[in-house]
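What follows is one structure encoded as structure tokens, with my remarks underneath.
In my numbering, the protein residues as written are 59 to 158.
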């Protein structure tokens, strides 16, 4: 059997989601946090550049909005981490209570 045929068989999948679920969810959370932070910073950077061009100022609003993007992105990432840890605590309570 060729490699291409074996890859598509269910028994010999390269990535078994059921087996690696916890790992895949952790990678998803890390990517979400990184993209959220980068998105906030880049969005605020472009808003600052636009305002600087509109007012004819060199770099003041770009700097201010970039700093606001870092602060805002940090705030959003912090809330995302709290949400994930709260879900983990709730899941642990449910499994602990269910086993008793």
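Ideal placement from N, C-alpha and C gives every residue a C-beta, glycine not left out.
- Pairing residue 119 with residue 110 gives a Cβ-Cβ distance under 8 Å.
- Between residue 95 and residue 135, the C-beta gap is smaller than 8 Å, which places the two residues in contact.
- Closest in C-alpha terms to residue 128, from the list 87, 139, 102, 75, comes 102.
- The three-state secondary structure of residue 75, taken from DSSP, is coil.
- Taking every protein chain shown into account, the CB of residue 99 has 16 or more other CB atoms within 10 angstroms, so this residue is buried.
- Exposure of residue 117 is indicated by the presence of fewer than 16 other C-beta atoms within 10 angstroms of its C-beta.
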